[in-house]
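One structure below.
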Amino acid sequence: MGTPDVCSRRLGNVVKLVEEIRHCFLKDDEEVRMSAVTSEVEAAIRDNVVWAKLSENLKLLLGGSQREYDKLVLEYSIKNQLRFKGNIVRHVRRDAEGYYDILLKYSQNHLMLFPYHLSDIIVRELRITPFTYYTGIVTDLMTAEKSYDSLPNFTAADAMRVLGIGRNQYIDLMNQNRSNRKFLRRTRPIRELLPVAPIPVAVEPWHLLCAGNILEADVKALTRNEKDIIDMVLDEGPQICGTLDSAVIHALYAKGLIYFEVPVYDYDYVYVTTLDGFVMNRVLGDYFETLLYKIFVTIDEQSTVKELSETISIDLGLVKTAVSLFCRLGFAKKRVTGLENLALHKTWADYMVLPANDDSNLDDSLTTITTDLADLSTSLVSPGAGEHDEDEYLLSAVEEALSGGDSMSPIVSETSSVAALVSPSVLQTPSDAMSKRIAFIFDSTLTAFLMMGNLSSSLKNHAVTLFEVGKLADETVDNFIDELQNVNLFAEGEAQRYSEHARTLLHTILALRENAEIDLIRGESLLSLDRNARLRVVQKSYKLLVSMGPISTEACSLSAISLPHYGPPTVEVTSYWWRLYLYETVGSGVPSLLIPMGCRLPRLPAMFHKCKRVIVSTGAHEPAILTTDNCLVAINDTLMTSPIFLQAYSNVVDDSEIVNVPFPFELDEEEDENSFARHPSVLALKEKLGLGCLVGYIVLINIHKNLPKAEPKLTRQNGSAASALNLTNGGASSKHNVVTKDPKKICSPKQKLDKGESFDAYVLFDCVFGIPLFDEHLNKVICDKIRRHDTFNLVNFSSVEFTNHALSEATQELVKRFRSNDYQCPFGNDSTGNQTPFPTQMIAYDEGAKSLNRVPYGF
Numbered sequence: 001m002g003t004p005d006v007c008s009r010r011l012g013n014v015v016k017l018v019e020e021i022r023h024c025f026l027k028d029d030e031e032v033r034m035s036a037v038t039s040e041v042e043a044a045i046r047d048n049v050v051w052a053k054l055s056e057n058l059k060l061l062l063g064g065s066q067r068e069y070d071k072l073v074l075e076y077s078i079k080n081q082l083r084f085k086g087n088i089v090r091h092v093r094r095d096a097e098g099y100y101d102i103l104l105k106y107s108q109n110h111l112m113l114f115p116y117h118l119s120d121i122i123v124r125e126l127r128i129t130p131f132t133y134y135t136g137i138v139t140d141l142m143t144a145e146k147s148y149d150s151l152p153n154f155t156a157a158d159a160m161r162v163l164g165i166g167r168n169q170y171i172d173l174m175n176q177n178r179s180n181r182k183f184l185r186r187t188r189p190i191r192e193l194l195p196v197a198p199i200p201v202a203v204e205p206w207h208l209l210c211a212g213n214i215l216e217a218d219v220k221a222l223t224r225n226e227k228d229i230i231d232m233v234l235d236e237g238p239q240i241c242g243t244l245d246s247a248v249i250h251a252l253y254a255k256g257l258i259y260f261e262v263p264v265y266d267y268d269y270v271y272v273t274t275l276d277g278f279v280m281n282r283v284l285g286d287y288f289e290t291l292l293y294k295i296f297v298t299i300d301e302q303s304t305v306k307e308l309s310e311t312i313s314i315d316l317g318l319v320k321t322a323v324s325l326f327c328r329l330g331f332a333k334k335r336v337t338g339l340e341n342l343a344l345h346k347t348w349a350d351y352m353v354l355p356a357n358d359d360s361n362l363d364d365s366l367t368t369i370t371t372d373l374a375d376l377s378t379s380l381v382s383p384g385a386g387e388h389d390e391d392e393y394l395l396s397a398v399e400e401a402l403s404g405g406d407s408m409s410p411i412v413s414e415t416s417s418v419a420a421l422v423s424p425s426v427l428q429t430p431s432d433a434m435s436k437r438i439a440f441i442f443d444s445t446l447t448a449f450l451m452m453g454n455l456s457s458s459l460k461n462h463a464v465t466l467f468e469v470g471k472l473a474d475e476t477v478d479n480f481i482d483e484l485q486n487v488n489l490f491a492e493g494e495a496q497r498y499s500e501h502a503r504t505l506l507h508t509i510l511a512l513r514e515n516a517e518i519d520l521i522r523g524e525s526l527l528s529l530d531r532n533a534r535l536r537v538v539q540k541s542y543k544l545l546v547s548m549g550p551i552s553t554e555a556c557s558l559s560a561i562s563l564p565h566y567g568p569p570t571v572e573v574t575s576y577w578w579r580l581y582l583y584e585t586v587g588s589g590v591p592s593l594l595i596p597m598g599c600r601l602p603r604l605p606a607m608f609h610k611c612k613r614v615i616v617s618t619g620a621h622e623p624a625i626l627t628t629d630n631c632l633v634a635i636n637d638t639l640m641t642s643p644i645f646l647q648a649y650s651n652v653v654d655d656s657e658i659v660n661v662p663f664p665f666e667l668d669e670e671e672d673e674n675s676f677a678r679h680p681s682v683l684a685l686k687e688k689l690g691l692g693c694l695v696g697y698i699v700l701i702n703i704h705k706n707l708p709k710a711e712p713k714l715t716r717q718n719g720s721a722a723s724a725l726n727l728t729n730g731g732a733s734s735k736h737n738v739v740t741k742d743p744k745k746i747c748s749p750k751q752k753l754d755k756g757e758s759f760d761a762y763v764l765f766d767c768v769f770g771i772p773l774f775d776e777h778l779n780k781v782i783c784d785k786i787r788r789h790d791t792f793n794l795v796n797f798s799s800v801e802f803t804n805h806a807l808s809e810a811t812q813e814l815v816k817r818f819r820s821n822d823y824q825c826p827f828g829n830d831s832t833g834n835q836t837p838f839p840t841q842m843i844a845y846d847e848g849a850k851s852l853n854r855v856p857y858g859f
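Those letters in the sequence shown? Residues 1 to 859, by UniProt numbering.
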């Protein structure tokens, strides 16, 4: 019994914890309700539903106030940069110019991208160009002395393209500004430090030149050639840049008298290039940035823009706007631009292809196309497209352009002079017989290794592409392979881990490409799409999926798909629930205790009394290995914010306690009595889980291994994980108390028992699905097994799908068995299919019991 003061303090802590949990429940309920209301209101605004036609239920939720609805309409329209004409905001605010002024001010204050889709209003009528827009943003940042990292990623990339001000230039300007104040004792206007004109931007010959806000005084200062082009654009409408003098175009752009439209049509094919000039600062989270990342990861070189829109269920106009921006920034390119039947001006010679027997000079305009586009077009041409079909299409395209059809952007549809740009893309479609690809799913740890290591001079652009785009298509994989082959090799330290990951990734790509083309996809990027969109994306383009192993929970975004998946079939398989399922299924495993968040351990359970170390896993950080004599404080502190999976661990922590057993299995392995493939737990898993058709490795651990006489070698420390568990004072890990490592990511070449050892010393720790990248030897063994077994053969697909479905159902059934039916988690939404279900009661696995048991609080 404790003293009254101690009991009182304990009671106070319990009451405080209960109040915190209750507050979270109430807060969550209110957030859910408000989110539902906001979603309904936004849907009504998008559908242009006026107050009079709003549903009675929604009116009631808005308190019966039309003024409140009008306020939300204006706010949503400005945040989403909606056009005044054609949207409900015109009924709320009558003044179009005032509306656009507010929209621009909001966009600048929130560091949003220039609204290129409104250029006909912003540039032509308000005389605000991208140059003046970004100049204002940079001026405001420097005045407030904010860092360059304040700029969101896409805004920073576009500002650098227009102003030529990147991170280094911004720092130099800030230093100049501070020097002026310090030494000259006066404030020089920041605007004087910034460029006076935009730098030359990359312009493709298929871009459209449009007239900006041109005053009479502007015309007087123009040359004859510049006046001719301005007159042509004013009289005839937008012109294709490739038909005009390139130098004159850039001169007019520098004077702010023109702007460029980047037309994107329903039947265009677009592909993403390796990112060059992308700025990794921060994510803003506004509507358009979110849309850009969704489209980044779903752009498919074999799908039209219209098909892309249908696949991800996003408005076609929004998709065109996003794709147009990608093309403008140089992050994406059109496969076919429509220049095949147009005469390019001689100043666009770099884009021309001369016939082999043509000895003519470039004095005259030539009907040509770019080399790259010609190569890309060849594979897309439909051999059956005759002249009659083409003529019919051209006629309909011109008619649609003249009538302002929906298939063109608002500006482009005002003229028929650009109709020729549409037809080639429509007529050239990929062959239906084109085989589907393999998708290799990885998580952000891989991109971190590729970025952080000084592996090669130009590998970083590919790493940035893998992270930001979330996808590297097969068309650019060849170049990526070349870069991986040039990686600098390191023999020790963190650099060794980075170079090992690069080499194993190279081996994996080459092995998978023996079976089909391959796309690399970051699992976390797919989460920007809703579940149905994710399924449509992968089912449309891929014949099978392969995951890296192990893969993080956040990247496990493709549960319950109707495709063969050589990886975790559901999110639960990446969590502690999976290990509990394995132990109960096999009847053997590490003594374990799953503890819900909010519980407190008064003492260690008896199952841990024989061990000197335990491993603590939360799912949010790398696991931490602690000594049993001083782990309770850290465990109880961590339980305040997350559940814990507590397991017995070996006394030895130098990695020799771990054994990895790869599968599919070989016949000679099973015949060798000393091979770990003959371990009873491995044999049981092979039979009960159907591992013969899957890919991965089983992790065994020797929890009875004795400490060597010498001081044990401790593995890499991870201060962030240690501090997250409150394991140390001052953030410094003590090598005697905590070791941070994941037993699933330990390099262990051991495949057979040592002399004098028995299988009894090793127990099952985990079973990981996928191809590992952390261990070059294990990676090579598994890739070789895939080749020998022809694992990716079509004959095996049905077995893989059946096995994955059975494992998903069995694991989810175990979760349901040990969770309260009426429990609603206040700290996460389980309905996303990507979050680990929280435990609601203590669950224990003890070797003696051979099954899972509920543990009463206080035990």
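A virtual CB, placed ideally from N, CA and C, is assigned to each residue, including glycine.
Owing to the predicted nature of the structure, the values given are computational and were not obtained by experimental measurement.
Going by C-alpha positions, Asn793 is about 16 Å away from Leu691.
Residue range 96-109 is occupied by the alpha helix (DSSP H) that includes Ile102. Per the coordinates, the alpha-carbon of Ser435 lies some 47 Å from the alpha-carbon of Ile843. Taking 8 Å as the upper bound for CB-CB distance, Val616 and Leu646 are in contact here, some 6 Å apart. Inter-segment contact for the stretch 249-257 and the stretch 274-286 is absent: fewer than three beta-carbon pairs are separated by less than 8 Å. By the C-beta density criterion, Pro564 is buried, having at least 16 other C-beta atoms within 10 angstroms. Cα atoms of His805 and Pro569: separation of roughly 7 Å, rounded to the nearest angstrom.
Contact check for Cys631 against Asn796 fails: the beta carbons are separated by 8 Å or more. In this chain, the beta strand (DSSP E) harbouring Ser592 covers 592-595. Distance from Leu208 to Phe260 at the Cβ level is roughly 7 Å; contact confirmed, criterion being Cβ atoms closer than 8 Å. One thing to note: Val297 has its Cβ no nearer than 8 Å to the Cβ of Ser552.
Under DSSP, Gln647 forms a beta bridge with Ser592, Ile615. The three-state reading of DSSP puts Gln81 in coil, since its state is none of H, G, I, E or B.
Asp300 sits buried, since 16 or more C-beta atoms from the chains shown fall within 10 Å of its C-beta. Of the candidates Pro198, Leu778, Glu289, Ser150, Leu778 places its Cα closest to the Cα of Cys747. Closest in alpha carbon position to Met640, among Met597, Phe802, Glu42, is Met597.
Cβ contact annotation for Ile658 (same chain, cutoff 7 Å, sequence separation greater than five): Val699, Ile701, Pro743, Ile746, Ser748, in chain order. By alpha-carbon distance to Asp754, the top candidate from Cys783, Asp784, Phe676, Gly277 is Phe676.
In the three-state reduction of the DSSP assignment, Leu472 falls in the strand class, which pools E and B. Assignment of beta-bridge partners to Asp519 by DSSP yields Ala439. If you ignore the 5 residues before and after Thr304, its C-beta comes within less than 7 Å of the C-beta of Asp266, Tyr267, Asp268, Tyr269, all in its own chain and listed in chain order.
Excluding sequence positions up to five before and after Phe608, its CB lies within less than 7 Å of the CB of Pro591, Val614, Thr628, Ala648, all in the same chain and listed in chain order. Note that the stretch 505-515 does not touch the stretch 329-339; fewer than 3 beta-carbon pairs, one per stretch, sit closer than 8 Å. For Cys210, the enclosing beta strand (DSSP E) stretches over residues 208-211.
Around the beta carbon of Gln812, a 10 Å sphere encloses 16 or more other beta carbons of the protein chains shown; the residue is thus reported as buried.
Judged by pairs of C-beta atoms under 8 Å, the stretch 209-227 does not touch the stretch 169-178, as fewer than three such pairs exist. One alpha carbon belongs to Pro200, the other to Gly256, and they sit about 12 Å apart. As the crow flies, the alpha-carbon of Gly136 is around 19 Å from that of Tyr253. Contact check for Lys705 against Val652 passes: the beta carbons are separated by less than 8 Å. Boundaries for Pro568: no alpha helix (DSSP H) harbours it, and the DSSP string shows neither H nor E there.
Contact between Cys210 and Val262 does not hold, since the beta-carbon distance rounds to 11 Å and is not under 8 Å. Contact check between the stretch 462-472 and the stretch 530-540: fewer than three CB pairs, one atom from each, fall below 8 Å, which does not count as touching. Annotation: Asp235 to Lys220 spans about 18 Å, alpha carbon to alpha carbon.
The straight-line gap separating the alpha-carbon atoms of Gln835 and Ala555 is approximately 10 Å. Contact annotation: Val695 and Phe769 have beta-carbon atoms nearer than 8 Å. Contact check for Pro839 against Leu594 passes: the beta carbons are separated by less than 8 Å.
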